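Asks: Can you keep this structure in mind? I'll have questions shortly.
Number of protein chains: 2
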Amino acid sequence: MSPQSFREKLIAAWERSGSLLCVGLDPDPAKLPLADVADFNIKIIEATADLVCAYKPNVAFYEALGPERGYAALRKTLAAIPPHIVTIADAKRGDVAHTARAYVTAIFDDLGFDAATVNPYLGADSIEPWVERPEKGAIVVCRTSNPGGGDLQDLRVQTVGGARPLYEIVAERARAWDRHGNVGLVAGATYPGEMRRLRELCAEMPFLVPGIGAQRSRRHGAGRRREAEGGERVIEGDAERSSDLSVHAICGVGRRVGRTARGATPLHYTDAVGA
Amino acid sequence: MSPQSFREKLIAAWERSGSLLCVGLDPDPAKLPLADVADFNIKIIEATADLVCAYKPNVAFYEALGPERGYAALRKTLAAIPPHIVTIADAKRGDVAHTARAYVTAIFDDLGFDAATVNPYLGADSIEPWVERPEKGAIVVCRTSNPGGGDLQDLRVQTVGGARPLYEIVAERARAWDRHGNVGLVAGATYPGEMRRLRELCAEMPFLVPGIGAQRSRRHGAGRRREAEGGERVIEGDAERSSDLSVHAICGVGRRVGRTARGATPLHYTDAVGA
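Protein sequences, first through last, are from chains V and B. Using numbering that gives the first Met the number 0, the first residue of the first sequence is number 0, and each one after it goes up by one. Using numbering that gives the first Met the number 0, the first residue of the second sequence is number 0, and each one after it goes up by one.
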């Protein structure tokens with residue numbers, strides 16, 4: 000029997016949780032209410048594990064602790080995540096094939112992540128090591144919603160069908176790289192039309208959508224919460240980061256969820272296009 | 000007195016060594032003649048320190064050892080590099096500003112590198128944390144010579160002056176980001192015309208040029224060596240990697256060197272355009 004594919008694991012996690020929510024685990028020690036990063040993460044995981052389909056540590060925040068200490072905390076964090084929940088290394092790695100394989104060894108084999116975010120700028124052979132194993136997922140950075148996101152991503156590229164933004168070309172490349180159904184897109188689209196267009200290009204792909212909302216940590220007082228309403232307009236701006244919970248969504252066409260963190264406030268989050 | 004700028008350190012390293020050579024430290028434990036990665040690196044450093052202007056560990060190969068162990072070996076390696084030699088973290092990081100700052104903390108402050116390679120796909124605010132300190136360098140990935148390097152980098156972008164390849168636009172952005180003279184380019188140009196064009200766009204920048212040559216490790220027998228002759232055609236194909244020494248050059252306009260690793264074979268390396 001072949002192992003569970005990344006796609007199967009993601010679908011199972013969606014169905015079990017009834018949730019598209021992906022919680023970032025991006026600790027900033029200066030803001031943590033607990034001295035130990037892993038202990039803090041574990042409390043977040045315990046409080047949210049039934050409400051999310053995925054956790055997404057951004058490795059930068061662990062490297063910033065001093066990489067030896069930080070990766071030890073990350074490893075301890077990962078061990079506390081229930082095995083049915085998808086783990087995404089937000090690493091945005093991008094390097095030539097030989098080097099990409101070294102990153103794959105670190106992130107998939109040594110740390111045991113289910114998926115990673117990857118940068119497309121170095122092209123097909125830099126992505127291949129990430130996508131060749133169906134049980135692991137590669138989420139290609141396509142359109143980001145940071146202030147400089149459009150500097151390159153919105154450049155108009157000449158194609159036989161006319162000029163198109165670079166991020167659309169990246170989406171098409173990602174589709175071509177997706178032989179095993181294990182490729183996704185980081186789709187922090189700022190305008191609803193962009194998200195619709197990406198859905199047209201990559202109908203079946205999971206989209207990692209940043210900035211759906213943020214919930215302040217207990218230290219800062221609970222309850223500040225932003226919500227994304229259904230329909231096209233799902234982006235509420237950048238999530239608060241640091242010890243805040245940065246909440247992303249992983250969208251699939253036609254998927255809905257009816258509640259958000261802690262179940263208190265219905266989110267009525269709807270996939271941007273599919274629903 | 001302000002601290003030595005990155006540019007001043009690089010120029011001093013060029014002048015002291017009479018060399019543009021930058022040796023990669025990319026260990027593959029399966030190929031190492033010594034059990035300990037740091038011990039192996041230290042032997043390389045001892046054998047080459049008078050012949051190079053820079054060392055460039057690619058962090059992927061340390062993360063692949065298990066990041067806790069790998070970064071400890073990297074830290075021990077860095078401690079063995081004489082302080083006048085430039086250290087470049089080949090990390091190709093690229094993330095939004097808040098996250099880029101965490102990477103900067105790890106690579107510049109905690110590990111103490113002089114410079115890092117960075118990926119431009121997320122735009123200006125993702126680069127800003129890398130370039131805002133004159134004593135540290137940011138080497139922007141612009142044109143890479145891997146098989147997929149052209150997949151995005153060669154796309155024709157519409158500009159007011161006509162269609163131009165994406166990598167040229169990246170070079171121009173890098174110039175705009177370079178307020179402190181501490182920005183460089185990864186310029187693995189495959190064709191001499193590309194390198195000349197990048198020099199026209201960024202006349203004053205240091206270029207990190209991969210694949211100038213490779214020398215096999217002692218285990219594989221010494222002496223296999225490829226050389227790049229002067230003039231336009233500096234790229235000899237991808238360097239052999241792993242425990243091989245991957246030799247790059249850091250070019251500045253008009254700079255020449257007259258010898259290469261171990262001094263045995265004159266390289267007559269000449270900057271692609273400037274000399």
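C-beta atoms are modelled at their ideal positions from N, C-alpha and C, and glycine is treated no differently. Just so we're clear, the structure is a prediction, and the values are computed from it rather than from any experiment.
What does the alpha-carbon distance come out to for the pair Leu31 (chain V) and Glu45 (chain V)?
Replies: Distance between the alpha carbons of Leu31 (chain V) and Glu45 (chain V): 16 Å.
Asks: Going by C-alpha to C-alpha distance, which of B:Ala175, B:Leu165, B:Ala248 and B:Glu131 sits closest to Pro205 (chain B)?
Replies: With distances taken between Cα atoms, Pro205 (chain B) lies closest to B:Ala248.
Asks: What span of residues does the alpha helix (DSSP H) with Tyr70 (chain V) cover, start to end?
Replies: Pro66 to Ala78 is the extent of the alpha helix (DSSP H) around Tyr70 (chain V).
Asks: Could you check whether the Cβ of Asn40 (chain V) sits closer than 8 Å to any Cβ belonging to chain B?
Replies: No, its Cβ sits nowhere closer than 8 Å to a Cβ of chain B.
Asks: Would Arg215 (chain V) pass as an interface residue toward chain B - the criterion being a Cβ-Cβ separation below 8 Å?
Replies: Caution is warranted here: a pLDDT of 31 is assigned to Arg215 (chain V), below 50, making its placement in the model unreliable, and no coordinate value can be reported.
Asks: Residues of chain V with CB under 7 Å from Ala53 (chain B), in chain order?
Replies: By Cβ distance, chain V contributes nothing, its closest Cβ being about 18 Å from Ala53 (chain B), past 7 Å.
Asks: Run through chain B and tell me which residues come within less than 7 Å of Lys135 (chain V), C-beta to C-beta.
Replies: Chain B residues near Lys135 (chain V): none, gap ~15 Å exceeds 7 Å.
Asks: Taking a cut of 7 Å between CB atoms, which residues from the stretch 110-137 of chain B lie near chain V?
Replies: Flagged, chain order: Asn118, Pro119, Tyr120, Leu121, Gly122, Ala123, Asp124 and Ser125.
Asks: Would Thr158 (chain V) be called buried (16 or more neighbouring beta carbons within 10 Å of its own) or exposed?
Replies: Its Cβ having fewer than 16 others within 10 Å, Thr158 (chain V) is exposed.
Asks: Tell me, please, whether the CB atom of Gln3 (chain V) is closer than 8 Å to any CB atom in chain B?
Replies: Answer no: the Cβ-Cβ gap between Gln3 (chain V) and chain B never drops below 8 Å.
Asks: Name the residue from V:Asn40, V:Val139 and V:Leu9 whose alpha carbon lies nearest to the alpha carbon of Ser18 (chain V).
Replies: It is V:Leu9.
Asks: Could you tell me whether any Cβ in chain B is nearer than 8 Å to the Cβ of Gly236 (chain V)?
Replies: For Gly236 (chain V), the predicted structure reports a pLDDT of 27, less than 50, and the residue's modelled location is therefore unreliable. The matter cannot be settled from this model.
Asks: Within 10 Å of its beta-carbon, does Pro66 (chain B) have 16 or more other beta-carbons around it, so buried, or fewer, so exposed?
Replies: It is buried - the Cβ of Pro66 (chain B) has at least 16 other Cβ atoms within 10 Å.
Asks: Could I get the ranges of all uninterrupted beta strand (DSSP E) runs contained in the stretch 95-150 of chain V, with 3 residues as the minimum, in chain order?
Replies: Runs of the beta strand (DSSP E) inside the stretch 95-150 of chain V: 114-117 and 136-142.
Asks: Given this structure, state the Cα-to-Cα distance separating Arg163 (chain B) from Gln3 (chain B), to the nearest angstrom.
Replies: Their Cα atoms are separated by approximately 37 Å.
Asks: Count the CB pairs spanning the stretch 86-106 of chain V and the stretch 119-136 of chain V that are closer than 8 Å, and state whether there are at least three.
Replies: The answer is yes - the stretch 119-136 of chain V touches the stretch 86-106 of chain V, with three or more Cβ pairs under 8 Å.
Asks: Could you tell me if the beta carbon of Phe5 (chain B) falls within a distance shorter than 7 Å of some heavy atom in the ligand GTP?
Replies: For the ligand GTP, the structure offers nothing, since it holds no ligand at all.
Asks: What's the C-alpha gap between Lys75 (chain B) and Tyr102 (chain V)?
Replies: Looking at the two C-alpha atoms, the distance is approximately 21 Å.
Asks: If contact is defined by three or more beta carbon pairs under 8 Å, each pair taking one atom from either stretch, is the stretch 185-198 of chain B in contact with the stretch 173-191 of chain V?
Replies: In short, these stretches do not touch, since the Cβ pair count stays below three.
Asks: Would you verify that the beta carbon of Pro146 (chain V) is, or is not, closer than 8 Å to some beta carbon of chain B?
Replies: Cβ-Cβ to chain B under 8 Å: yes for Pro146 (chain V).
Asks: Between V:Ala115, V:Thr143 and V:Phe39, which lies nearest to Val85 (chain V) when the distance is taken from Cα to Cα?
Replies: Ranking the options by Cα distance to Val85 (chain V), first place goes to V:Ala115.
Asks: For Thr86 (chain B), report the span of its beta strand (DSSP E) as first-last.
Replies: Val85 to Arg92 is the extent of the beta strand (DSSP E) around Thr86 (chain B).
Asks: According to DSSP, is Asn40 (chain V) helix, strand or coil?
Replies: The answer is helix: DSSP assigns Asn40 (chain V) an H, G or I state.
Asks: Which residue's Cα is closest to the Cα of Gly149 (chain V): B:Ile41, B:Pro119, B:Val36 and B:Asp153?
Replies: Checked all of B:Ile41, B:Pro119, B:Val36 and B:Asp153; the closest Cα to Gly149 (chain V) is B:Pro119.
Asks: Report the option in V:Ile138, V:Asp113 and V:Val156 whose CA atom is closest to the CA atom of Cys201 (chain V).
Replies: Closest by alpha carbon: V:Ile138.
Asks: Please report the straight-line C-alpha distance between Asp35 (chain V) and Gln152 (chain V), rounded to a whole angstrom.
Replies: Taking the straight line from one Cα to the other gives about 38 Å.
Asks: According to DSSP, is Thr158 (chain B) part of a helix, a strand, or is it coil?
Replies: In the structure shown, Thr158 (chain B) sits in a strand (DSSP, three-state: E or B).
Asks: Would you mind working out which of B:Phe39, B:Glu193, B:Val130 and B:Pro146 sits nearest Met179 (chain B), comparing C-alpha positions?
Replies: This sequence places His at residue 179 (chain B); Met is not what is there. Out of B:Phe39, B:Glu193, B:Val130 and B:Pro146, B:Val130 has the C-alpha closest to the C-alpha of His179 (chain B).
Asks: Just the Cα atoms here: how many angstroms apart are Met194 (chain V) and Lys42 (chain B)?
Replies: Between Met194 (chain V) and Lys42 (chain B), the C-alpha separation is close to 53 Å.
Asks: With respect to the beta strand (DSSP E) encompassing Lys8 (chain V), which residues constitute its N-terminal and C-terminal limits?
Replies: No beta strand (DSSP E) contains Lys8 (chain V), which is instead part of the alpha helix (DSSP H) from Phe5 to Ser16.
Asks: Of the residues that make up the stretch 148-172 of chain B, which ones have a beta carbon closer than 8 Å to any beta carbon in chain V?
Replies: Going along the stretch 148-172 of chain B in chain order, one finds Gly148, Gly149, Asp150, Leu151, Gln152, Leu154, Arg155, Val156, Gln157, Ala162, Leu165, Ile168, Val169 and Arg172 with a Cβ nearer than 8 Å to chain V.
Asks: Starting from the beta carbon of Thr190 (chain V), find every residue of chain B whose beta carbon is closer than 9 Å, and list them in chain order.
Replies: According to the sequence shown, residue 190 (chain V) is Tyr rather than Thr. Residues of chain B passing the Cβ test: none, with the nearest at roughly 16 Å.
Asks: How big is the Cα-Cα spacing for Asp109 (chain V) and Ile80 (chain V)?
Replies: Their backbone Cα atoms lie some 16 Å apart in a straight line.
Asks: Out of V:Ala29, V:Leu50 and V:Ser1, point me to the one whose CA is closest to Glu60 (chain V)'s CA.
Replies: Correcting the residue type first, residue 60 (chain V) is Phe in the shown sequence and not Glu. For the residues V:Ala29, V:Leu50 and V:Ser1, the minimum Cα distance to Phe60 (chain V) belongs to V:Ala29.
Asks: Using a Cβ-Cβ cut-off of 7 Å (strictly less than) and excluding sequence neighbours within five positions of Arg217 (chain B), which residues of its own chain qualify?
Replies: For Arg217 (chain B), the predicted model reports a pLDDT of 30, less than 50, meaning its position is unreliable; a value from the coordinates is still stated below. Cβ within range, chain order: Pro32.
Asks: Distance cutoff 8 Å, beta carbons only. Does Val95 (chain V) sit that close to anything in chain B?
Replies: By this cut-off, Val95 (chain V) is an interface position.
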